[in-house]
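> Just passing along the structure, written as structure tokens.
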Amino acid sequence: MVTTEFSRLDDTGVSAILASKSMRLDFQQGTIPKSDVGLPESSYGPDVVAPAGEKFTLSIKGNAGTLEAQTDHVRFSTTDSSPGLDMVYYFLTTENVDDYVQLVRDAITDYGLDAEASNRWIESVLSKPGKKSNYSLGDGNKLGFNVGYDLRYDGSKQVQVIIVTVSASS
Numbered sequence: 303m304v305t306t307e308f309s310r311l312d313d314t315g316v317s318a319i320l321a322s323k324s325m326r327l328d329f330q331q332g333t334i335p336k337s338d339v340g341l342p343e344s345s346y347g348p349d350v351v352a353p354a355g356e357k358f359t360l361s362i363k364g365n366a367g368t369l370e371a372q373t374d375h376v377r378f379s380t381t382d383s384s385p386g387l388d389m390v391y392y393f394l395t396t397e398n399v400d401d402y403v404q405l406v407r408d409a410i411t412d413y414g415l416d417a418e419a420s421n422r423w424i425e426s427v428l429s430k431p432g433k434k435s436n437y438s439l440g441d442g443n444k445l446g447f448n449v450g451y452d453l454r455y456d457g458s459k460q461v462q463v464i465i466v467t468v469s470a471s472s
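The sequence shown begins at 303 in my numbering and counts up by one.
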């Protein structure tokens, strides 16, 4: 059995992630080699989805720090001819505008998202919290990889979503 501080993404690894409620990924190279996580080069990365109502801790290590988030869904972007998982997507959810705005404010500090654009969006949503707003914030790269926030706010819905994209620094 191979042991490492990072998670594997084969069937056994995904089961271990869900049992431990923890996924640790190494993105220091700007990609995750499929061979490092127990996947053949011809495979696509798995969707890792927590049971309904549960979340797990996602940690992604970069060259300048580690991203930590609570999520219920992680997905990967790759092709069947690529040796690595080039992008990681995960979903942040909240049930009120204040928590949602706090996630955006935290991303400014933690990941280096553009403060001016983020704060303009926050002011817009707080002035009309019952409205709908889809907005993509530019990438921050404070951790040694890009972190992008795709804001999917809809004040008429109970659950609010941010789609987070992790990719190599350009």
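All residues carry an ideal CB built from backbone N, CA and C; glycine is no exception.
1. Can we say the region 376-389 touches the region 409-429, given the rule of at least three CB pairs closer than 8 Å?
2. Return helix, strand or coil for Glu418, following the three-state DSSP convention.
3. For Leu405, which residues from the same chain have a beta carbon less than 7 Å from its beta carbon, with the 5 sequence-adjacent residues on both sides left out?
4. Specify the secondary structure class of Thr411 as computed by DSSP and reduced to three states.
5. Mind checking Glu307: buried by the 16 CB within 10 Å criterion, or exposed?
6. Go ahead and label Thr373 buried or exposed: buried means 16 or more other beta carbons lie within 10 angstroms of its beta carbon, across all protein chains shown.
7. In the DSSP assignment, find the unbroken alpha helix (DSSP H) run with Val316 in it and report its ends.
8. Confirm, please, whether the CB-CB distance from Glu370 to Ser379 is below 8 Å.
9. Is the beta carbon of Ile334 closer than 8 Å to that of Pro387?
10. Assuming Asn448 and Ser469 form a contact by the criterion Cβ under 8 Å, report the distance between their Cβ atoms to the nearest whole angstrom.
11. From what residue to what residue does the beta strand (DSSP E) around Gln360 run?
12. When DSSP labels each residue in this structure, what does Asp401 get in the three-state scheme?
13. Is the distance from the Cβ of Val350 to the Cβ of Met325 below 8 Å?
14. Is the beta carbon of Gly367 closer than 8 Å to that of Leu439?
15. Can you give me the C-alpha to C-alpha distance between Pro348 and Glu356, rounded to a whole angstrom?
16. In the DSSP output, which residue or residues are listed as bridge partners for Gln462?
According to the data block:
1. Contact fails: fewer than three Cβ-Cβ distances are below 8 Å.
2. Glu418: helix per DSSP, three-state reduction.
3. Taken in chain order, the residues that qualify are Leu394, Thr396, Ile464.
4. Under the three-state reduction of DSSP, Thr411 is assigned to helix.
5. Counting other Cβ atoms within 10 Å of its Cβ, Glu307 stays below 16 and is therefore classed as exposed.
6. Of the residues assessed, Thr373 falls on the buried side of the cut-off, its CB having 16 or more other CB atoms within 10 angstroms.
7. Val316 -> alpha helix (DSSP H) spans 313-322.
8. Cβ atoms of Ser379 and Glu370: not closer than 8 Å.
9. In the sequence under discussion, the amino acid at residue 387 is Leu, which differs from the Pro named in the question. By the CB criterion at 8 Å, Leu387 and Ile334 fall inside the cutoff.
10. Yes, Asn448 and Ser469 are in contact; Cβ-Cβ is about 5 Å, under 8 Å.
11. Note that residue 360 corresponds to Leu in the displayed sequence, not to Gln. Leu360: member of the beta strand (DSSP E) spanning 358-364, first to last residue.
12. Note: Asp401 maps to helix in three-state DSSP.
13. Taking 8 Å as the Cβ cut-off, Val350 and Met325 qualify as a contacting pair.
14. Taking 8 Å as the Cβ cut-off, Leu439 and Gly367 do not qualify as a contacting pair.
15. Going from the Cα of Pro348 to the Cα of Glu356 covers about 18 Å.
16. The partner list for Gln462 (beta bridge, DSSP) reads Thr396.
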